[in-house]
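Chemist: To start, I am sharing the structure in question, which I have written as structure tokens.
Protein chains: 2
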Amino acid sequence: MNPGRCAACRHLRRKCPPDCIFIPHFPPNVPQLFVSVHRIYGASNVAKLLQQLPLHLRADAAESLCLEAQYRIEDPVYGCVGLISLLQQQILDAEKQLAKTRAEIAFLKSQAAQHPQAAALRGNLSDNAADLSFSDHHQSFCG
Amino acid sequence: MNPGRCAACRHLRRKCPPDCIFIPHFPPNVPQLFVSVHRIYGASNVAKLLQQLPLHLRADAAESLCLEAQYRIEDPVYGCVGLISLLQQQILDAEKQLAKTRAEIAFLKSQAAQHPQAAALRGNLSDNAADLSFSDHHQSFCG
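Top line first, the protein sequences correspond to chains A and B. In terms of the UniProt record's numbering, the first sequence has 108 at position 108, counting the first letter as 1, and numbering is strictly consecutive. In terms of the UniProt record's numbering, the second sequence has 90 at position 90, counting the first letter as 1, and numbering is strictly consecutive.
Next up, the structure:
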């Protein structure tokens, strides 16, 4: 066995050429990375995806393909999409909490305004109102 | 051309057998769905992914594969992982806003407590403190 072969060429039982598209991203000491992408995408599709990218972007692409493949193996029905749905639900929950809190702060401001010593609070509360703009930037998966 | 062929068999220029694994999920009137998954996963890998699932889960699996393929086509470097990173950043931003708001509410409670007519606020504020538990349930992609 040629110890210099990358994990992909080892898995595919073939020689590892000097210009192997896989060798920078699938080192022989981490064989599981290629096993996952090979199982989900197939070697030729992974090679095509990497070849269409400039060299400096291929490492990130290989890493994201490995992550997506691992999620598809762990959750064959939903894969990454299951996690995206969960995260979007967490964002919706956060938006509800922020909206409720905005209303409570507005109520507290009206109470604080009745007391002179509470005047110093108003600046903080105005800053807070400006910060609580999270829901305006909500990213939609299906958008 | 056989108008009864599914989008997959049309794209692959082959007969569409009565037990075609693709026909329930890739109707002929929506050809782009199969074009995307074929480009990213390959027909045989999509068929394998669907065949390993019980019938009642295959529609969701086909839909999630189409979504992931579309994201990979739109973003060949990061695919779905790019969106997951964006959503996780939005959740971290929301957690920071909630933590800041918790601190401000605690400060306002201490101010309100100095005024008898503010006593009625305390129940609401306690409820709010119980609600602001979002960050305790933060889902980590890498977890």
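Every residue, glycine too, gets a C-beta built ideally from N, C-alpha and C.
1) For I21 (chain A), would you say it is in contact with chain B, using Cβ-to-Cβ distances shorter than 9 angstroms as the test?
2) Measure how close the beta-carbons of L53 (chain B) and V77 (chain A) come, nearest whole angstrom, since I'm counting them as under 8 angstroms.
3) Looking at the C-beta of E95 (chain B), does it have a partner C-beta in chain D at a distance below 9 angstroms?
4) Taking Cβ to Cβ, would you say residue 144 (chain A) is nearer than 9 angstroms to L98 (chain B)?
5) Mind checking whether F34 (chain A) and C6 (chain A) have CB atoms under 9 angstroms apart?
6) Quick one: using the 10 Å Cβ neighbour count with 16 as the cut-off for buried, is H56 (chain A) buried or exposed?
7) According to DSSP, simplified to helix, strand and coil, what is C9 (chain A)?
8) State yes or no: is the beta carbon of E74 (chain A) nearer than 9 angstroms to at least one beta carbon in chain B?
9) I'd like to check one pair, G82 (chain B) with D75 (chain B): are the Cβ atoms closer than 9 angstroms?
10) With a threshold of 16 other CB atoms inside 10 Å of the CB of N45 (chain B), please say whether the residue is buried or exposed.
11) Going along chain B, which residues have a C-beta under 7 angstroms from L12 (chain A)?
12) Please report whether the beta-carbon of L65 (chain B) lies at a distance below 9 angstroms from any beta-carbon of chain A.
13) Can you list the residues of chain B that Q88 (chain A) reaches, using a CB-CB cut of under 8 angstroms?
14) For chain A, find out if any of its Cβ atoms is closer than 9 angstroms to the Cβ of C9 (chain B); answer yes or no.
15) Could you give the C-beta distance for A62 (chain A) and Q111 (chain B), rounded to a whole number, given that I count them as a contact under 8 angstroms?
16) Please report the distance separating the alpha-carbon of A69 (chain B) from that of K100 (chain A).
17) For Y71 (chain A), which residues in the same chain have their Cβ closer than 7 angstroms to its Cβ, ignoring the five residues on either side in sequence?
18) Once DSSP output is grouped into helix, strand and coil, what is the label at D60 (chain A)?
19) Kindly indicate which three-state DSSP category A119 (chain A) falls into: helix, strand or coil?
20) If you count every other CB in all the chains shown that lies within 10 Å of the CB of L86 (chain A), and 16 or more means buried, which is it?
21) Which ranges does the alpha helix (DSSP H) cover as unbroken runs of at least 4 residues, wholly within the UniProt domain "LOB" (4-105) of chain A, from first to last along the chain?
22) Run through chain B and tell me which residues come within less than 8 angstroms of A61 (chain A), C-beta to C-beta.
23) Are the CB atoms of I91 (chain B) and S36 (chain B) nearer to each other than 9 angstroms?
24) Using a cut-off of 8 angstroms between C-beta atoms, extract the partners of Q52 (chain A) located in chain B.
25) Determine the direct distance from the alpha carbon of I105 (chain A) to that of K109 (chain B), and round the result to whole angstroms.
26) Taking 9 angstroms as the CB-CB limit, is Q32 (chain A) close to chain B?
27) CA-CA distance, R10 (chain A) and H38 (chain B)?
Modeler: Checking against the coordinates, here is how it stands:
1) no
2) 6 angstroms
3) Here chain D cannot be found, since the structure's protein chains are A and B.
4) Outside the modelled stretch of chain A, which goes from 1 to 143, sits residue 144 (chain A), for which no answer is possible.
5) yes
6) exposed
7) helix
8) no
9) yes
10) buried
11) Those within 7 angstroms of L12 (chain A) in chain B number zero; the least Cβ separation is about 15 angstroms.
12) yes
13) L87
14) no
15) About 55 angstroms; that fails the 8 angstroms criterion.
16) 38 angstroms
17) G79, C80, L83
18) helix
19) Summary for A119 (chain A): the model assigns pLDDT 49, below 50, so the residue's position carries little reliability, and this model does not support an answer.
20) exposed
21) 7-11, 31-40, 43-51, 55-74
22) P76, V77, Y78
23) no
24) P76
25) 11 angstroms
26) no
27) 26 angstroms
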